[in-house]
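Q:
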Amino acid sequence: MTKEVEKEKALVVFDYIYYAMRGKHFLEHAGYSSNEVAPPPEYRTGCDMALEINADDVDAVERILENNNILFMDILFLPKGTQLVPVYLTQLIKVTDYAGYTMVRCGNMKVTYRKGTGVIVNISGGG
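Going by my numbering, the residue at position 54 of the sequence shown is 54; the numbering climbs one at a time, nothing skipped.
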């Protein structure tokens, strides 16, 4: 039996959830895996959603985001063994699927986008 080796991770942090969602879409489309996570407090510099990626993919991820005009604040290498909370487990951000659309709610703000294209079809809330 072989022991699975834990890969080192990196965290892509964004100013706005719009770019985090679009970034995830383009990374998936390019074949790279990412997880929506709530960054630890010491890494919260913009929105409360970040993308956790494999550290080996940093150069490719950065190139994909830049080529698709996805603005990000920084890419941070995480200490080995850092456990981040998946976004869907936090009270702050909720993701709901509706047929061909996905709605992401963060506090009072809601953003709905079309699956497959990532095009935002509605933004509401915030007062």
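The beta-carbon is built from N, C-alpha and C at its ideal position, and this holds for glycine as well. Every value quoted in this text rests on a predicted model; they were computed, and no experiment measured them.
So what's Gly-127 in DSSP terms, helix, strand or just coil?
A: Legend: pLDDT at Gly-127 = 41, less than 50; position of this residue unreliable, value from coordinates given subsequently. Coil at Gly-127, not helix or strand.
Q: Can you have a look at Gly-23 and say buried or exposed, based on whether 16 or more other CB atoms are within 10 angstroms of its CB?
A: buried
Q: Between which residues of its own chain and Val-58 is the CB-CB distance below 7 Å, once the five residues before and five after are set aside?
A: Ala-10, Ile-75
Q: Taking the CB atoms as reference points, tell me whether Phe-26 and Leu-71 lie closer together than 8 Å.
A: no
Q: Fully enclosed by the region 33-99, which beta strand (DSSP E) runs are 3 residues long or longer?
A: 35-38, 50-54, 74-77, 93-98, all fully within the region 33-99.
Q: Which residues bound the beta strand (DSSP E) around Gly-10?
A: Inspection of the sequence shows that residue 10 is occupied by Ala rather than by Gly. Run containing Ala-10: 9-13, per the beta strand (DSSP E) assignment.
Q: Could you tell me if Glu-52 is buried or exposed, where buried requires 16 or more neighbouring beta carbons within 10 angstroms of its beta carbon?
A: Buried: at least 16 other Cβ atoms inside 10 Å.
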